[in-house]
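Below is one structure, written out as C-alpha cells, with a few remarks after it.
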Amino acid sequence: MPYIAELEKAGIPTVLLDLEDQHNMVEQEARAQGVPNIRFLPASRTLPGPDDVELFTEKMLNALTDPLTEKENESGHWEPPQPRIIFEGTMDEAEDFYQQAERIPHPANAPIAIYTDGSPIRLPTEERVKKMLTGTSHKPDEIITYQKDRLTMRGQLKKGDPVAFQPMGWNATVEKVATIAVMAGCKPEHLPVALAIAESGCPIESTHSLGQWVCVSGPIVEEIEMSSGCGMLGCGNPSNMAIGRLHALMARNLGGAIMGVNRMPSLSSPFTRGAAAAENTNGLPPGWKGLNEEAGFNKDESAVAVFSVPAGIRGVQHSPGGYRALQKSGHGGMARRLDVKGIPGPHNWLNYVLPELWAGREGPHTIIMIPEMARHLYDIGFKSKDEVYEWLWKQSFMTVEQYKKFSWVDFTTNGWMGIEPISGKHWKELPDDHMVPAGGTDSSGFCIIVGGGDEEVAQEIQGGRGPAGGGPIYGIDAWR
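Residue numbers for the sequence shown follow my numbering, so the first one is 1 and each next one is one higher.
Below you can see the structure in the form of C-alpha cells.
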C-alpha cells in the first residue's frame, strides 16, 4: 500500500488487487496512507490464476482509465478525533461503557471489543490516571516520540519524531498511555515500561503471524518484581500479566487496530492478547550480554524488547530427563541422535533442536533457555551470545534447491527476480547446489533470552531481534 499510495499521489493511475475479506483492511490502510478513496478490485482465493485474471481484466482496465471522481480526488491523512477515554459516571455505567463491542462482519463474524482486548479492565478514573502519571517525569500532554535515532522497516526515524501507532499511524500522548496502563492493571512504577513499549508504535500481526510479546531486561526487573523464573510467559506474576496486556490495549486504542478489519491474523495465538516476561540477567554465563547491552545500553540501564512472532512457536522437543541423561552420562535418545552415547557432557544440545528450526519456515529465531542450558553452551566453547548466533546462522545454510521449497521466499526474492545478497548474483544465476542461509542474510537476527524454571527445556520462537527480526529494543530509563 505505501508504494501504491506514492504512485497515486504522483498522478500515476493505480488499482489495488485484494481479496474480498480484506476490503475493510484496504480502506483503513488507504486512509492511513493519505489516499482514502483508492480504487481496488477483489481477486479470488480459489480460482486458478488465468481464470481469475480473465474475470477482472476488463474491470481493471476501466478502473485504470476512467477519470477520478471528486470524492476519489480527496487526499490527506485521515485521523479521527481521539477524545480522552476517561469515563465519568457510576462504576456500573463505566463497566458497561468499556465493555462495549461492535459486530465485525466476515472474516471475524463476531462482536469485537471497542476499547479493550475483550477481557475485563480496571476502570481508568481521573484519580487513577493522575496517580499513574506519578510514575514518570514526562508531562501528560507530551506526544510520544522516539528517544533515539532508529532504522526501521519504514525508513530512518530521528530522535524526537512522533511515534506513529500501527496500523493507522496515529499519535498519542503520555496521558493516553497512562490511561491504558490503568486499564491493564499497571502500577505507577510500571509506567516507564509502558511508555517504552509505546515507543515501538505497537506493530501488529498480519494474516500469517502469531502476535507480539515483550521482554524486559535490566535493573527495573527487580524494582517492579517481574518474573524471569518458572512460568515466566504464563500466568501468576502481577507485573508480567499487567505489562503483557499493554501492547494489545495500546494497539486497539492508540493504533486503531480492529480484529477482522485491519488486524487480520487468520488464526492468531495467545500472544495477540499480550504476554510479557523478564530476562534473568543473573543467570547469564560470564561474557554473555543481556538484551539491554546487546541493544547498546549499559548493564545498569533497563530496556524492553517488543517481539513480533511471524510464524511458529516450538518448545519441549525433549524431556528434561532426556536432557539430563545426555549431559550427565551420555545416555538416552538424545545421546544416540547426537552420536555421543556413553560420553558425559556437556554437549551442544542445539544440534538436537536444529532440524526443527527451519522445518516449516525460513528466518531467524529467538531461543529462550534456562540458565543451566546456557551454561552448558558456555562450557563447550560459546563465550558470548554472538558466537551462538554465528553458529546458528552457519547451520542454517542449505542448497538453493532446498531453499526454493519454502513458501515465503517467493516474496523475499521478488519472485526470484532479485539479487541474492551474499553472493551478489541474480537468484536465477545460482545453481541448485549453491548454499544460501535460511536464517537471514547474517547472524544479527537471532536472539537468546535466559530465563525460566529449573527443568531443562527451551523454547524457540520464530523471529528475532532488530528490524530484520521484527523485535527492536527500547530504553526504559528515558521514560522515568
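Glycine is no exception: its CB is placed at the ideal position from the N, C-alpha and C atoms.
**OP:** Apply the 10 Å Cβ neighbour rule to Tyr98 and answer buried if 16 or more other Cβ atoms are within range, or exposed otherwise.
**Re:** Residue numbering aside, residue 98 sits at position 98 when the sequence shown is read from its first letter. That one is buried.
Original post:
Should Asn262 and Met25 be called a contact, given that it needs their Cβ atoms to be closer than 7 Å?
Top reply: Mapped onto the sequence shown, residue 262 falls at position 262. Mapped onto the sequence shown, residue 25 falls at position 25. Closer than 7 Å, so yes.
Subject >> Same chain, Cβ closer than 7 Å to Pro421, five either side skipped, listed in chain order >> reply: Residue mapping note: residue 421 aligns to position 421 of the sequence shown, counting from 1. If we look at Pro421 and ignore the five residues flanking it on each side, its Cβ neighbours are Thr441.
Subject >> 6 Å Cβ shell around Thr281 - same chain, five flanking residues per side excluded >> reply: Numbered from 1 along the sequence shown, position 281 holds the residue referred to as residue 281. Only Gly290 meet the Cβ criterion.
Original post:
With a Cβ-Cβ cutoff of 7 Å, do Ser384 and Gly287 count as a contact?
Top reply: Along the sequence shown, one-based indexing puts residue 384 at 384. Along the sequence shown, one-based indexing puts residue 287 at 287. Yes.
Original post:
Is the number of C-beta pairs between the stretch 304–320 and the stretch 228–235 that are closer than 8 Å three or more?
Top reply: no
Subject >> Met334: first and last residue of the uninterrupted alpha helix (DSSP H) it sits in >> reply: Position 334 of the sequence shown holds residue 334. Here the alpha helix (DSSP H) through Met334 covers 333–338.
**OP:** Note down, in chain order, each residue of its chain lying with its Cβ closer than 7 Å to the Cβ of Glu225, except the 5 sequence neighbours on either side.
**Re:** Numbered from its first residue, the sequence shown carries residue 225 at position 225. These residues qualify, in order along the chain: Ser239.
Original post:
Just checking my contact of Ile367 with Glu460 at CB under 8 Å: how many whole Å lie between their CB atoms?
Top reply: On the sequence shown, residue 367 is found 367 positions in, with the first residue counted as 1. On the sequence shown, residue 460 is found 460 positions in, with the first residue counted as 1. About 5 Å; that satisfies the 8 Å criterion.
**OP:** Go ahead and label Lys176 buried or exposed: buried means 16 or more other beta carbons lie within 10 angstroms of its beta carbon, across all protein chains shown.
**Re:** One-based indexing of the sequence shown puts residue 176 at position 176. That one is buried.
Subject >> Leu61 - containing beta strand (DSSP E), residue span >> reply: In the sequence shown, residue 61 corresponds to position 61, counting from 1. Element bounds for Leu61: not the beta strand (DSSP E) but the alpha helix (DSSP H), 49–65.
Subject >> N-terminal and C-terminal residue of the beta strand (DSSP E) that Leu19 is part of >> reply: On the sequence shown, residue 19 is found 19 positions in, with the first residue counted as 1. Segment 16–19, the beta strand (DSSP E) holding Leu19.
**OP:** Indicate whether the contact test is met: 3 or more Cβ pairs, each with one atom in the stretch 163–170 and one in the stretch 241–258, closer than 8 Å.
**Re:** yes
Subject >> Bridge partners - Gln462, DSSP secondary structure assignment >> reply: Residue 462 sits at position 462 when you count from the first residue of the sequence shown. Answer is His365.
Subject >> Same chain, Cβ closer than 7 Å to Gly418, neighbours up to 5 away in sequence not counted >> reply: Against the sequence shown, residue 418 aligns to sequence position 418. The residues are Trp427.
Subject >> 7 Å Cβ cutoff, Trp408 in contact with chain B >> reply: The structure shown contains no chain B, having only a single protein chain.
**OP:** Report back the beta-carbon spacing between Ala178 and Leu133 to the nearest angstrom; my notes put them in contact at under 8 Å.
**Re:** Within the sequence shown, numbered from 1, the residue matching residue 178 stands at position 178. Within the sequence shown, numbered from 1, the residue matching residue 133 stands at position 133. Yes, they are in contact, since the Cβ atoms of Ala178 and Leu133 sit about 5 Å apart, within 8 Å.
Subject >> Where Asp432 falls, given that 16 or more other Cβ within 10 Å makes a residue buried >> reply: Position 432 of the sequence shown, counted from the start, is the residue given in the question as residue 432. Exposed is the call here.
Original post:
Whose C-beta lies closer than 8 Å to the C-beta of Glu372 among residues of the same chain, with five residues either side of it excluded?
Top reply: Your numbering for residue 372 matches position 372 in the sequence shown. So the list reads Asp454, Glu456, once near-sequence residues are dropped.
Original post:
Helix, strand or coil for Tyr378 per DSSP?
Top reply: Your numbering for residue 378 matches position 378 in the sequence shown. DSSP places Tyr378 in helix when its eight states are reduced to three.
Original post:
Contact between the stretch 58–77 and the stretch 31–43: three or more CB pairs below 8 Å?
Top reply: yes
Original post:
Based on the DSSP output, what are the partners of Thr152 in its beta bridges?
Top reply: Residue 152 sits at position 152 when you count from the first residue of the sequence shown. According to DSSP, Thr152 bridges with Gly155.
Original post:
Going by DSSP, what residues sit across from Tyr323 in a beta bridge?
Top reply: Here residue 323 corresponds to residue number 323 of the sequence shown, with the count starting at 1. Note: Tyr323 sits in no beta bridge, so no partner.
Original post:
Near Gln60, which residues of its chain fall below 7 Å by C-beta distance, leaving aside the five closest residues on each side in sequence?
Top reply: Residue mapping note: residue 60 aligns to position 60 of the sequence shown, counting from 1. The question names Gln, yet the displayed sequence has Met at residue 60. Excluding sequence neighbours, Met60 sits near Val15, Leu41.
Original post:
Beta carbon of Gly218, beta carbon of Ala303: below 7 Å?
Top reply: On the sequence shown, position 218 is the one that residue 218 refers to. On the sequence shown, position 303 is the one that residue 303 refers to. Result yes, Cβ atoms of Gly218 and Ala303 sit closer than 7 Å.
Subject >> Pick from Pro2, Leu430, His365 that is closest to Gly155, judged by C-alpha positions >> reply: For the purposes of this step, residue 155 is taken as the residue at position 155 of the sequence shown. When only C-alpha atoms are compared, the closest one is Pro2.
**OP:** Below 8 Å on the Cβ atoms is my guess for Ile144 versus Cys186; work out the distance and round it to an integer in Å.
**Re:** Indexing the sequence shown from 1 puts residue 144 at position 144. Indexing the sequence shown from 1 puts residue 186 at position 186. Wrong, their Cβ atoms sit about 16 Å apart, outside the cutoff.
**OP:** Classify Arg465 as buried or exposed, calling it buried when 16 or more other Cβ atoms lie within 10 Å of its own Cβ.
**Re:** For the purposes of this step, residue 465 is taken as the residue at position 465 of the sequence shown. Buried, by the Cβ-count rule.
Original post:
For Ile343, which residues does DSSP report across the bridge?
Top reply: The residue given as residue 343 occupies position 343 in the sequence shown. Answer is none; Ile343 lacks a bridge partner.
**OP:** Quickly, what does DSSP pair Ile419 with across the bridge? List them, please.
**Re:** Here residue 419 refers to the residue found at position 419 of the sequence shown. Ile419 is bridged to His426.
**OP:** Throw me the rounded Cβ distance for the Ile248 and Arg273 pair, which I believe falls under 8 Å.
**Re:** Numbered from its first residue, the sequence shown carries residue 248 at position 248. Numbered from its first residue, the sequence shown carries residue 273 at position 273. Note that residue 248 is Ala in the sequence shown here, rather than Ile. Correct: roughly 6 Å between the Cβ atoms.
Original post:
Buried or exposed: where does Gly470 fall if 16 or more other Cβ atoms within 10 Å of its Cβ makes it buried?
Top reply: Against the sequence shown, residue 470 aligns to sequence position 470. Here Gly470 scores only 41 on pLDDT, less than 50, and its place in the model should not be relied on; the value that follows carries that caveat. Gly470 comes out buried.
Original post:
Gly451: which of Ser396, Ala325, Glu294, Gly229 sits nearest, CA to CA?
Top reply: Mapped onto the sequence shown, residue 451 falls at position 451. Gly451 has its Cα closest to that of Gly229, out of Ser396, Ala325, Glu294, Gly229.
Original post:
Count the other CB atoms within 10 Å of the CB of Ser407; is the residue buried (16 or more) or exposed (fewer)?
Top reply: As a first step, residue 407 is located in the sequence shown; it is residue number 407 there, counting from the start. The residue is exposed, with fewer than 16 neighbouring Cβ atoms inside 10 Å.
Subject >> Identity of the residue in Tyr403, Leu123, Gly445 nearest His434 by Cα >> reply: Your numbering for residue 434 matches position 434 in the sequence shown. Among Tyr403, Leu123, Gly445, the Cα nearest to that of His434 is on Tyr403.
Original post:
Arg245 by DSSP, collapsed to three states: which one?
Top reply: For this step, residue 245 is matched to residue 245 along the sequence shown. The answer is helix: DSSP assigns Arg245 an H, G or I state.
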